[in-house]
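Chemist: Taken in sequence, the protein lines are chains U and S. Residues in the first sequence are numbered from -2 upward in steps of one, following the numbering used here. Residues in the second sequence are numbered from 2 upward in steps of one, following the numbering used here. Just so it is clear, CB atoms sit at the ideal spot from N, CA and C, and this is done for glycine as well. As the structure is a computational prediction, the values presented were derived from the model and not from experiment. Once you've had a glance at the structure underneath, I'll fire off some questions.
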Amino acid sequence: MVSIRDVYHTAELAKIEITEEQAEKFRKEFEKIIDYFNILDEVEEDVEPTFHVLPITNVFRDDVEGECLSQEEALSNATHKEEGYFRGPRVVE
Amino acid sequence: MRIADWKEKVESYGCYDAISEMLERIEKSKLNAYITVCRDEALKMAERYDRGELEGKLAGIPVAVKDNISTKGILTTCASKMLSNYTPVFDAHVIERLKAEGAIIIGKANMDEFGMGTTTETSYYGAVRNPYDLERVAGGSSGGSAAAIAADEAVLSLGSDTGGSIRCPASFCGVYGLKPTYGLVSRYGLIPYANSLEQIGPMADSIDDLALLLEVIAGKDRRDSTNAGRDFKFVPEDRKLRVGVIAEMGGNEEVMRRFSEVVEVIKERHEVKEVSMPSLKYALAAYYIIAMSEASSNLARYDGVRYGFALERLDSWRRYFSKVRAEGFGDEVKRRIMLGSYALSAGYYGKYYLKALKVRTLVIRDFRKAFEECDVLLSPTMPSLPFKIGELADPLTMYKADVNTVPVNLAGVPALSVPVGFERGLPVGLQVIGNYFSENTLLNFGKWLAGRFEEN
């Protein structure tokens, strides 16, 4: 069972504003999808989880200065900017 | 169109005119294969080719690039309103490689929004149409990349495959597509959806062309921490293979009719037997849980501050982020981010996400076992013929269409889709799955099979 409260809670976690109408539509869809996901309850065999398929280790580089984006390039896709900085929304409410 | 045919064209009337002709075809096309067409730059490159200034394995060859692969100075939207104004300031690794080999980027191919779909209908820029029937979908999520090849709107293309996104549209459009082994091709510059599952891969009109493009894009790149650091070289071989037909994968009656005929043809040269992989019953659910969970984390970056869609007025951060994301994302992307957040949230992590990762271990085990007795494994690429536009309106029904393709991504093994004829005038694709880094075996098998179908 997926309740409307679950949908709003998930939307809040995901930081996506939803309308009442959307919430009801998502609720019905999520219920079907999650019901399908519950097929995994049948799996009893306990094995180690696989996060990555290749046996990889971290790649390090030498700690030396390299090329990077210029300030102008880094800001080129931002709508809100000021004096060479990104301008973001208020963080303290 | 194959590279050989393209070269003949260029030989007879020059690259500039050949590219002009292709641009004209794209302009008149009803397929909607492209989001951005790089008209001026492509013509400039063609002129350079005609002056003898372009060199390399792909010199003068027009390539379509899926719009989730970063191209410096060229709009890269992921078919989302969220990135409808985004122009990367760097090239993806694969783009650097294409440029180094003299390729001409003809345009950025349409796709499902952020790669999330099986039909290219979730694109903010509208669905891609199937070249064989305009009322049907081209498949997804690399629908534009596949349709462009089928309709001579490109000679080669790059797609990306998270759960079938190269193989599905290759099957639906009757072209070749390869999902490489995880780690063979650098993901640097691929805008991520589900990192642990996805690979960039080639699409083409022949195996030789597919192999050539793979040679160009595969290889070491330190900027992708999951890169395997291996090169690829296509070496022709002709040997009898042990071929396994996967019992748990199938399709509807029309698809299975074609599939059975193809298997009969394969038996003439190779040893065929049935193999069983019991864990596949759980693969689709496990795949979607993992993909959605990774998506919910990856797509957290879209906050309307550093790049992408933004609102005019900066509000408090909670309201601003939630509103930007409400307006910038389409419904399927919202569904996946929300369901991923759900699967990772307190109380559900063990039941869904961790359980899915355990199923992944079981799927890998089944593949390893199958490859002890087989060189390649077979199934239909898609369980049905190309869908009508609008036919898969229900999300779960759409997810279920990926049943034969997603196990490959869970395990990270390579898989090829080969066109093997038509049913009701619509293309059918055969999926050929190989062991880790066995691309050469896959491509040689694909080439042999293609030869058989061209003879018949």
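Contact check, S:K109 vs S:V66 under 8 Å by CB: the rounded distance?
Modeler: Contact holds; Cβ gap of about 6 Å.
Chemist: Of the choices S:A80, S:D367 and S:A344, whose alpha-carbon is the least far from that of S:K356?
Modeler: Looking at the Cα atoms, S:A344 is the closest of the given residues.
Chemist: Applying a beta-carbon distance threshold of less than 7 Å, which residues of chain U neighbour S:A101?
Modeler: The contacting residues do not exist; S:A101 stays about 18 Å from chain U at best.
Chemist: Could you run through the region 385 to 400 of chain S and flag, in chain order, every residue whose CB is less than 9 Å away from some CB of chain U?
Modeler: For the region 385 to 400 of chain S, which is checked against every Cβ of chain U, the residues closer than 9 Å are D395, P396, L397 and Y400.
Chemist: Just mark S:N436 as buried or exposed, buried being the case when its beta carbon has 16 or more other beta carbons within 10 Å.
Modeler: That one is buried.
Chemist: Opposite S:G430 in the DSSP bridges: which residues?
Modeler: Answer by DSSP bridge pairing, in chain order: S:P420.
Chemist: Taking only the alpha-carbon atoms, compute the straight-line gap between S:G15 and S:K448 and give it to the nearest angstrom.
Modeler: Approximately 30 Å, taken between the alpha carbons.
Chemist: Roughly how far, in whole angstroms, is the beta-carbon of U:L51 from the beta-carbon of S:G184, given that I think they are within contact range, below 8 Å?
Modeler: Between S:G184 and U:L51 the Cβ distance is about 5 Å, and since that is below 8 Å, they are a contact.
Chemist: Leaving out the 5 sequence neighbours to the left and right, which residues in its chain are closer than 7 Å to S:V236 when beta-carbon positions are compared?
Modeler: N441.
Chemist: Which same chain residues end up closer than 8 Å to S:M23 when comparing Cβ atoms and leaving out the 5 residues on each side of it in sequence?
Modeler: Answer for S:M23: P63, I107, D153, E154 and A155, listed in chain order.
Chemist: Applying the 10 Å Cβ sphere with the 16-neighbour rule, what's the burial state of S:N457?
Modeler: Note that S:N457 scores 47 on pLDDT, short of 50, meaning its location in the model is unreliable and no value can be drawn from it.
Chemist: Are the C-beta atoms of U:A8 and some chain S residue less than 8 Å apart?
Modeler: Chain S contact via Cβ: present.
Chemist: S:M383 CB to nearest chain U CB: under 8 Å?
Modeler: No, because no Cβ of chain U sits closer than 8 Å to the Cβ of S:M383.
Chemist: Interface residues of chain U around S:M339 at Cβ under 9 Å?
Modeler: Simply V4, T7, A8, L10, A11, I13, I15, F23 and F27.
Chemist: Candidates S:D403, S:N410, S:P381 and S:T362: which alpha carbon is nearest U:P46's?
Modeler: Closest by alpha carbon: S:T362.
Chemist: List the residues that DSSP assigns as beta-bridge partners of S:V246.
Modeler: According to DSSP, S:V246 bridges with S:E275 and S:L379.
Chemist: What residue does the alpha helix (DSSP H) around S:L355 start on, and which one ends it?
Modeler: Premise fails: S:L355 is in no alpha helix (DSSP H) and is neither H nor E.
Chemist: Who are the Cβ neighbours of U:N74 in its own chain at under 7 Å, not counting the five residues just before and after it?
Modeler: Contacts found: none.
Chemist: What separation, rounded to the nearest whole angstrom, lies between the Cα atoms of S:D92 and U:E64?
Modeler: Straight-line Cα distance between these residues: approximately 14 Å.
Chemist: Shorter than 8 Å from the beta carbon of U:P52 to some beta carbon of chain S?
Modeler: U:P52 does not count as touching chain S.
Chemist: To be precise: take each residue of the region 53 to 81 of chain U, compare its Cβ to all Cβ atoms of chain S, and keep it if any distance is under 8 Å. Which residues remain?
Modeler: From the region 53 to 81 of chain U, only I53, N55, V56, R58, L66, E70, A71, S73, N74, A75, T76 and H77 have a Cβ closer than 8 Å to chain S.
Chemist: Mind checking whether S:A219 and S:M278 have CB atoms under 8 Å apart?
Modeler: No.
Chemist: Less than 8 Å between CB atoms is the rule here; does S:G413 satisfy it with respect to chain U?
Modeler: Closer than 8 Å to some Cβ of chain U, the Cβ of S:G413 qualifies, so yes.
Chemist: If I measure Cβ to Cβ from S:E114 and keep anything under 7 Å in the same chain, skipping five residues before and after, which residues do I get?
Modeler: These residues qualify, in order along the chain: C79, A80, S81, T123, S124, Y125, G331, E333 and V334.
Chemist: Since S:C174 contacts S:P428 with CB under 8 Å, what's their CB separation in whole angstroms?
Modeler: Confirmed, about 6 Å.
Chemist: Mapping DSSP to helix, strand and coil, what is U:E13?
Modeler: A small correction: the amino acid at residue 13 of chain U is Ile; Glu does not occupy that position in the sequence shown. It is coil, neither helix nor strand.
Chemist: Compare the C-beta of U:I36 against all C-beta atoms of chain S and say whether one is closer than 8 Å.
Modeler: Yes, U:I36 counts as interfacial toward chain S.
Chemist: So for S:K324, helix, strand or coil by DSSP?
Modeler: Correct three-state label for S:K324: helix.
Chemist: Identify the contact partners of S:Y343 in chain U, using a Cβ-Cβ distance below 7 Å as the criterion.
Modeler: The contacting residues are T7.
Chemist: Kindly list, in the order they appear in chain S, the residues whose Cβ is closer than 7 Å to that of U:I30.
Modeler: L340, P396 and L397, listed in chain order.
Chemist: Say whether chain U places a C-beta atom closer than 8 Å to the C-beta of S:Y321.
Modeler: Judged by the 8 Å Cβ criterion, S:Y321 is in contact with chain U.
Chemist: Consider the Cβ of U:E41: report whether some Cβ of chain S lies at a distance smaller than 8 Å.
Modeler: It does not; no Cβ of chain S falls within 8 Å.
Chemist: Hey, how far is the Cα of U:E9 from the Cα of S:S385?
Modeler: Each residue's Cα considered, the two are about 38 Å apart.
Chemist: State the Cα-Cα distance for the pair S:Y289 and S:V419, rounded to the nearest angstrom.
Modeler: Taking the straight line from one Cα to the other gives about 25 Å.
Chemist: Determine the contact status of S:V217 and S:L444, defining contact as a CB-CB distance below 8 Å.
Modeler: No, the Cβ-Cβ distance between S:V217 and S:L444 is not below 8 Å.
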